[in-house]
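Under the working numbering, the sequence shown is numbered contiguously, ending at residue 680.
No residue lacks a Cβ here, since even glycine has one placed at the ideal position from N, Cα and C.
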Amino acid sequence: MKCPIDDVDLTIAERSGVEIDYCPKCRGVWLDRGELDKIIDRAGGAEYGQQPYPQDGRSAGYDNGGHHGHGSSRGGRGGRRRGGFLGELFDF
């Protein structure tokens, strides 16, 4: 299969039972039918989809106390989690 952006042959990688097609040039990722469902199931994302949106339009669980959060007090990479299932899955 060819990358729709670069017209380069896609490389196939299998990670944790999920087949990923990616472009070695632009690093774009394409998934076959059902592969996204596997990723969501394995990442524990099924419970996230069941949370309703709050009625007042604000994000549930995010009270920044009036600060806009244009920085990170955690240092490093802005609080980005390392590793985990998704980190391992897309580490190529």
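Spatially closest choice to residue i from the options, by CA coordinates
i, options, result
"F678", "V617, M589 and K613", "V617"
Backbone secondary structure at residue i - three-state DSSP
i, result
"D595", "coil"
"K626", "helix"
Assigned exposure category for residue i - 16 Cβ within 10 Å defines buried
i, result
"L598", "buried"
"C591", "buried"
"I628", "exposed"
Pairwise C-alpha distance: residue j and residue i
i, j, result
"R621", "K613", "23 Å"
"L624", "E602", "13 Å"
"D594", "K626", "27 Å"
"G632", "V596", "33 Å"
Residue-chain proximity (residue i, chain C), Cβ-Cβ < 8 Å
i, result
"K613", "Although the question refers to chain C, the structure presented lacks it and comprises just one protein chain."
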